[in-house]
Amino acid sequence: MPEMSKNLESYPPVFRQLNGAPQIAEMKNYSMEDTQDSVPIPLVDLQCLSLDKLEDACKDWGLFRLVDHGIPPSLLSKLQDHAKMLFSLSFESKQALLTSPMSYFWGTPALTPSGAALRGALNINWLEGLNVPLSQLPQLQTEDPRLDGFRRLLEEYGRHLSRIATTLFEAMAKNLNLGPKQSESKLDESTGFIRVYRYPPGSLANEAWGMIAHTDSSVLSIVNEDQVGGLEIFKDNKWLLVNPIPNTLIVHIGDMMQAISDDEYISVKHRVRVKKQEERFSICYFVFPAEGSVIHSSKYKPFTYTDFQEQVQKDTKTLGYKVGLQRFKLDADA
Ligand SMILES: O=C(O)CCC(=O)C(=O)O
Ligand SMILES: [Fe+2]
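Each number in the working numbering comes from the position in the sequence shown (counting from 1) with 24 added on.
Encoded structure:
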């Protein structure tokens with residue numbers, strides 16, 4: 025792992041073993057299925073939004089590539105550069121610097137509502153992350169110029185992401201014929217948070233998953249990945265590689281949107297594995313329904329996002345994985 029050994033002290037101690045991830049045998053269970061070559065995923069243009077194209081992508085894929093989104097390329101590249109700089113600091117410096125309201129975590133993307141890593145029974149995910157609740161960003165007290173600069177970039181990025189998520193959700197609500205009553209409070213910008221991830225480089229000896237297969241619990245998730253690639257989606261019983269393309273964003277339908285759409289839209293299963301000898305960075309945005317807002321659907325018992333999240337946390341702790349929407353299905357034993 026050449027790149028990793030250059031910068032070993034920046035990694036959490038558990039990642040520093042040169043022969044790859046711990047629990048590798050267990051993780052190999054997740055890599056039985058082959059991944060197909062990269063495929064062109066549907067394109068959605070935000071400036072000239074086609075409701076039909078959007079509808080097809082949400083129904084058939086549960087994800088699409090967003091172009092003409094209005095985020096300046098310079099902001100995207102500055103964010104990526106800043107993330108790289110912060111993650112290259114020593115593990116100890118990151119633990120000291122990246123504190124409340126942000127949180128620094130590694131080995132799992134599952135966090136408690138306060139941002140602490142939630143350790144399940146299984147799996148170490150081969151990643152480090154920084155969790156940033158956007159509404160709390162103004163409370164960040166820092167005199168460190170590295171962090172202050174990052175905060176300003178994140179605030180600007182967060183404003184763009186709120187705009188994009190709202191525009192897309194309104195278009196989806198139109199397509200689904202949701203009345204104002206049904207759609208209001210189903211996407212609340214103040215719930216938005218950003219995850220910045222660093223995935224260690226892959227190697228032939230290391231088949232570990234950066235992030236194991238899952239669906240997102242959000243209404244919508246918006247991913248800005250670098251050129252290393254490694255995001256895979258599950259479609260028609262196959263794993264497909266999503267090609268990284270500069271200045272585009274990948275939008276995922278999340279579990280909440282699947283329920284709101286009465287299962288017309290798919291919360292797409294996805295995973296990450298870095299195959300190149302390079303670190304991968306991604307900056308992901310997640311947005312949720314307003315607190316207390318009840319999701320009514322013909323397919324599920326009425327539930328709030330808080331009910332859902334509590335169930336996910338319970339399952340992750342006791343079973344080691346998220347069961348997800350299945351727990352709330354009307355015709356299933358929860
Ligand atoms: O890093 C990525 O591209 C995806 C991350 C992801 O799927 C998640 O955080 O839920
Ligand atoms: Fe995800």
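Glycine residues also receive a C-beta, built at the ideal position from the N, C-alpha and C atoms.
DSSP on residue 22, reduced to helix/strand/coil?
Outside the shown range of the chain (25 to 358) lies residue 22, about which nothing can therefore be said.
For residue 192, which option in 156, 81, 323, 294 has the closest C-alpha, if you only look at C-alpha atoms?
The sequence position of residue 192 within the sequence shown is 168, counting from 1. Here the closest residue by C-alpha is 81.
Measuring only the C-alpha atoms, how far is residue 224 from residue 298?
Your numbering for residue 224 matches position 200 in the sequence shown. Your numbering for residue 298 matches position 274 in the sequence shown. Rounded to whole angstroms, residue 224 to residue 298 spans 8 Å at the Cα level.
Residue 205: buried (16+ other C-beta within 10 angstroms of its C-beta) or exposed?
Position 181 of the sequence shown, counting from 1, holds the residue named residue 205. Flag for residue 205 reads exposed.
Boundaries of the beta strand (DSSP E) in which residue 217 is found, first to last residue:
Residue mapping note: residue 217 aligns to position 193 of the sequence shown, counting from 1. Unbroken beta strand (DSSP E) run through residue 217: 212 to 223.
State the DSSP-derived secondary structure class of residue 199, mapped to helix, strand or coil.
What you label residue 199 is simply residue 175 of the sequence shown in a count that begins at 1. Three-state result, residue 199: helix.
Residue 245 beta carbon near ligand 2 (any heavy atom closer than 7 Å)
For the purposes of this step, residue 245 is taken as residue 221 along the sequence shown, with counting starting at 1. Correct: residue 245 has its Cβ closer than 7 Å to ligand 2.
Proximity below 8 Å, CB of residue 75 to CB of residue 199
Reading the sequence shown from its first residue, position 51 is the one you call residue 75. Reading the sequence shown from its first residue, position 175 is the one you call residue 199. In contact: residue 75 and residue 199 (Cβ atoms closer than 8 Å).
In angstroms, rounded to a whole number, what distance separates the CA positions of residue 177 and residue 161?
For the purposes of this step, residue 177 is taken as residue 153 along the sequence shown, with counting starting at 1. For the purposes of this step, residue 161 is taken as residue 137 along the sequence shown, with counting starting at 1. Distance between the alpha carbons of residue 177 and residue 161: 11 Å.
Starting from residue 111, trace the alpha helix (DSSP H) both ways and give me its first and last residue.
The count along the sequence shown starts at 1 and reaches residue 111 at position 87. 97 to 111 is the span of the alpha helix (DSSP H), which, as asked, contains residue 111.
Nearest-residue set for ligand 1, Cβ under 6 Å from any heavy atom:
133, 219, 221, 235, 240, 247, 249, 255, 294, 296, 306, 308
Under the three-state reduction of DSSP, which class applies to residue 311: helix, strand or coil?
Taking the sequence shown and counting its residues from 1, the one referred to as residue 311 is at position 287. Looking at residue 311 - three-state DSSP - the assignment turns out to be strand.
What does DSSP give as the partner residue(s) for residue 238 in the beta ladder?
Residue numbering aside, residue 238 sits at position 214 when the sequence shown is read from its first letter. Per DSSP, 294.
Endpoints, beta strand (DSSP E) assigned at residue 329
Walking along the sequence shown from the start, residue 329 turns up at place 305. It is not in any beta strand (DSSP E) - residue 329 instead sits in the alpha helix (DSSP H) that spans 329 to 342.
Let me check you understand the geometry: is the CB of residue 238 closer than 7 Å to at least one non-hydrogen atom of ligand 2?
Here residue 238 refers to the residue found at position 214 of the sequence shown. Answer for residue 238: yes, Cβ within range of ligand 2.
Contact between the segment 245 to 262 and the segment 329 to 346 (3+ Cβ pairs under 8 Å)
no
Simplified DSSP state of residue 124, which is helix, strand or coil:
Numbered from its first residue, the sequence shown carries residue 124 at position 100. Here residue 124 sits in coil by DSSP.
Check whether the segment 105 to 112 touches the segment 296 to 310, counting contact only when three or more Cβ pairs, one atom from each stretch, lie closer than 8 Å.
yes
Just reading off the alpha helix (DSSP H) that residue 284 is part of, what are its end residues?
One-based indexing of the sequence shown puts residue 284 at position 260. Looking at the DSSP string, the run of the alpha helix (DSSP H) that includes residue 284 is 279 to 284.
Buried or exposed for residue 316, please, with buried defined as at least 16 other CB atoms from any protein chain shown within 10 angstroms of its CB.
Position 292 of the sequence shown, counted from the first residue, corresponds to residue 316. Classification for residue 316: exposed.
Going by C-alpha distance, which of 121, 170, 187 is nearest residue 71?
By 1-based counting over the sequence shown, the position of residue 71 is 47. The residue with the shortest Cα to Cα distance from residue 71 is 187.
Determine the direct distance from the alpha carbon of residue 79 to that of residue 283, and round the result to whole angstroms.
Counted from its first residue, the sequence shown places residue 283 at position 259. Counted from its first residue, the sequence shown places residue 79 at position 55. C-alpha separation (whole angstroms): 15 Å.
Taking the alpha carbon of residue 274 as the reference point, which residue from 148, 194, 93, 123 has its own alpha carbon closest?
Reading the sequence shown from its first residue, position 250 is the one you call residue 274. It is 93.
Can you name, in chain order, every residue of its own chain whose Cβ lies under 6 Å from the Cβ of residue 321, other than the five neighbours on each side?
Locating residue 321 in the sequence shown gives position 297, counting from the first residue. Once the five neighbours on either side are set aside, the close Cβ partners of residue 321 are 283, 286.
Alpha carbon of residue 264 to alpha carbon of residue 313, nearest angstrom:
Residue mapping note: residue 264 aligns to position 240 of the sequence shown, counting from 1. Residue mapping note: residue 313 aligns to position 289 of the sequence shown, counting from 1. Approximately 29 Å, taken between the alpha carbons.
Coarse secondary structure for residue 287, derived from DSSP in three states:
Numbered from 1 along the sequence shown, position 263 holds the residue referred to as residue 287. In the three-state reduction of the DSSP assignment, residue 287 falls in the coil class.
Going by the CB atoms, is the gap between residue 216 and residue 6 shorter than 8 Å?
Outside the shown range of the chain (25 to 358) lies residue 6, about which nothing can therefore be said.
Residue 75, enclosing alpha helix (DSSP H) - first and last residue:
In the sequence shown, residue 75 corresponds to position 51, counting from 1. Start and end: 75 to 84.
Rounded separation between residue 207 and residue 249 - CA only:
Here the question's residue 207 lines up with position 183 in the sequence shown. Here the question's residue 249 lines up with position 225 in the sequence shown. Cα-Cα distance, rounded: 29 Å.
Exposure of residue 351, with buried meaning 16 or more beta-carbon neighbours within 10 Å:
Within the sequence shown, the letter at position 327 stands for residue 351. Within a 10 Å sphere around the beta-carbon of residue 351 sit 16 or more other beta-carbons, which makes this residue buried.
By DSSP's criteria, residue 245 is part of a beta bridge. Which residues make up the other side?
By 1-based counting over the sequence shown, the position of residue 245 is 221. Bridge partners of residue 245: 276, 310.
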